[in-house]
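S.K.: Taken in sequence, the protein lines are chains B and H.
Going by the working numbering, the first sequence opens with residue 1, and the numbers climb by one from there.
Going by the working numbering, the second sequence opens with residue 1001, and the numbers climb by one from there.
There are 2 protein chains.
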Amino acid sequence: MENQNISDIIESYLKQILADSQQVEIRRAEIANQFNVVPSQINYVIKTRFTIQDGYVVESKRGGGGYIRIEKVKLLDNLDFIDSLVAAVGDQITRHDGLAIVRSLFEAGAINRRESNIILAAIDKTAINTGNVEVDERLRAQILISILNHLRYES
Amino acid sequence: MENQNISDIIESYLKQILADSQQVEIRRAEIANQFNVVPSQINYVIKTRFTIQDGYVVESKRGGGGYIRIEKVKLLDNLDFIDSLVAAVGDQITRHDGLAIVRSLFEAGAINRRESNIILAAIDKTAINTGNVEVDERLRAQILISILNHLRYES
DNA sequence: AGTTTCTTGACTAATGTTGACTAATATTAT
DNA sequence: ATAATATTAGTCAACATTAGTCAAGAAACT
Chain B
1 MENQNISDII ESYLKQILAD SQQVEIRRAE IANQFNVVPS QINYVIKTRF
51 TIQDGYVVES KRGGGGYIRI EKVKLLDNLD FIDSLVAAVG DQITRHDGLA
101 IVRSLFEAGA INRRESNIIL AAIDKTAINT GNVEVDERLR AQILISILNH
151 LRYES
Chain H
1001 MENQNISDII ESYLKQILAD SQQVEIRRAE IANQFNVVPS QINYVIKTRF
1051 TIQDGYVVES KRGGGGYIRI EKVKLLDNLD FIDSLVAAVG DQITRHDGLA
1101 IVRSLFEAGA INRRESNIIL AAIDKTAINT GNVEVDERLR AQILISILNH
1151 LRYES
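1) Where do the N-terminal and C-terminal ends of the beta strand (DSSP E) with H/Glu1025 fall, by residue?
2) I need the straight-line Cα distance from B/Thr130 to B/Asp136, nearest angstrom please.
3) Of the residues that make up the stretch 98-109 of chain B, which ones have a beta carbon closer than 8 Å to any beta carbon in chain H?
4) For the stretch 64-105 of chain B, list the beta strand (DSSP E) runs that are entirely contained and at least 3 residues long, ordered along the chain.
5) Leaving out five residues before and five after H/Ala1029 in sequence, what residues of the same chain have Cβ atoms less than 6 Å from its Cβ?
6) Would the beta-carbon of H/Phe1035 fall within 7 Å of that of H/Ile1010?
7) Residue range of the beta strand (DSSP E) that H/Lys1061 falls in?
8) Do H/Gly1090 and H/Arg1140 have their C-beta atoms within less than 7 Å of each other?
9) With H/Ser1007 as the anchor, note down where its alpha helix (DSSP H) starts and where it stops.
10) Per DSSP, which residues does H/Tyr1153 bridge with? Please list them.
11) By a C-beta neighbour count over all protein chains shown, 10 Å radius and 16 as the cutoff for buried, is B/His150 buried or exposed?
12) Would you call the stretch 1121-1129 of chain H in contact with the stretch 1050-1062 of chain H, where contact means no fewer than 3 C-beta pairs closer than 8 Å?
13) Would you report the Cα separation of B/Ser84 and B/Lys74, rounded to the nearest angstrom?
14) Quick one: is H/Ala1087 buried, meaning 16 or more other Cβ sit within 10 Å of its Cβ, or exposed?
15) At the 7 Å Cβ level, is H/Ser1060 part of the contact set with chain B, yes or no?
16) Please list, in chain order, the residues of the stretch 4-29 of chain B that have any C-beta partner in chain H closer than 9 Å.
17) Going by C-alpha distance, which of B/Glu115, B/Glu134, B/Ala100 is nearest B/Ile52?
18) So the candidates are H/His1096, H/Ile1068, H/Arg1069, H/Phe1106; which of them puts its Cα closest to the Cα of H/Phe1081?
19) Run down chain B in chain order and give the residues with a C-beta less than 7 Å from the C-beta of H/Asp1124.
20) Applying the criterion that 16 or more other CB atoms from any shown protein chain within 10 Å of the CB defines a buried residue, is H/Ile1145 buried or exposed?
21) What does the Cβ neighbour count give for B/Asp20, buried or exposed, with the cut at 16 atoms within 10 Å?
22) I'd like to know whether the C-beta of B/His96 is nearer than 7 Å to at least one C-beta of chain H.
23) From B/Tyr44 to B/Ile6, what does the alpha carbon distance come to, in whole angstroms?
24) When the cut-off is 7 Å and only beta carbons count, does H/Ala1087 lie next to chain B?
25) Count the other C-beta atoms from every protein chain shown that fall within 10 angstroms of the C-beta of H/Ala1108, then say buried if there are 16 or more, exposed otherwise.
26) Which term fits B/Ser104, buried or exposed, when burial requires 16 or more other beta carbons within 10 angstroms of its beta carbon?
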């Protein structure tokens, strides 16, 4: 808790703003300066913590007046919510992104906490560990998609 | 109590902290240094003394700001039952027998119908289908055991 | 003596940080 | 208009900083 790295701190800062508004628009160099990091670290934070699996869409523009805009996606409004998650899973998925998918389901109210934990147990490294990362990622994707498809009928 | 090895001492140290709080977060290298052991000994202590059977859940993160967090969890009163199912699953299990395990959980009231269906989705032939029956059965066993272990406690 | 548990360290994996170089867009000069 | 310059963000690879795995050997128990 106390030993947060700077990426976590920047993530928290941005998510705090996003708690109140639907989107946040920043100037990369400004935030980098504010947290005393190189500009490309902002890209790292965005790439690892504001993915579509996490429920965010990022747009940017270069040049004068350039910006990076992070927008929360309203998944519940999407009639094809499960479809979009299936697409986000794809053929293979990392544990990190798999976690984000489950979190999205939870935050959308499609599953409760107990169900989240069951799914996470099914895709964590204890459960899926063949010794080949790519094989693991394909298996994880198949399991998640199978579960997502079942959630389609039930709810 | 007189003949404590260093692993026992580290165990005591951590459990003493856990006596007062719900969780403890450490830097592996720091604790290793404090007790003058190699870092991997901390993994050994955790693996042998902070298992789910003991009522602990462990999470960790690598890289800058990395940590190992040990959390006390409230074990449920179905432990013997879960143990027997874990034993029944073993190293590998067929779909048919996997179904029987899930049915047992349901009939014992450990999970509801929705949860049953999620678990079944995770172990059915859509989800697990590598082309090698034995590999499939091993995967199915690992997934089921991971889920069973999560059913040991409240989260 | 044989078995289990503990200790150690070499190697691996995951995550985070930095900076040089590139690309896109806007503004200014010609 | 076009070209030159300024001002942004993006990519990528090297390096840094953590934890994880595994197997060999040592120590402690039967």
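All C-beta atoms in this analysis are idealised placements derived from N, C-alpha and C, irrespective of residue type, glycine included.
If you're wondering where the values come from, they're calculated on a predicted model, not measured in any experiment.
M.R.: According to the structure shown:
1) 1023-1026
2) 6 Å
3) none
4) 67-72
5) Pro1039
6) yes
7) 1056-1061
8) no
9) 1006-1020
10) H/Leu1075
11) buried
12) no
13) 12 Å
14) exposed
15) no
16) Gln4, Asn5, Ile6, Ser7, Asp8
17) B/Ala100
18) H/Phe1106
19) Ser146
20) buried
21) exposed
22) no
23) 11 Å
24) no
25) exposed
26) buried
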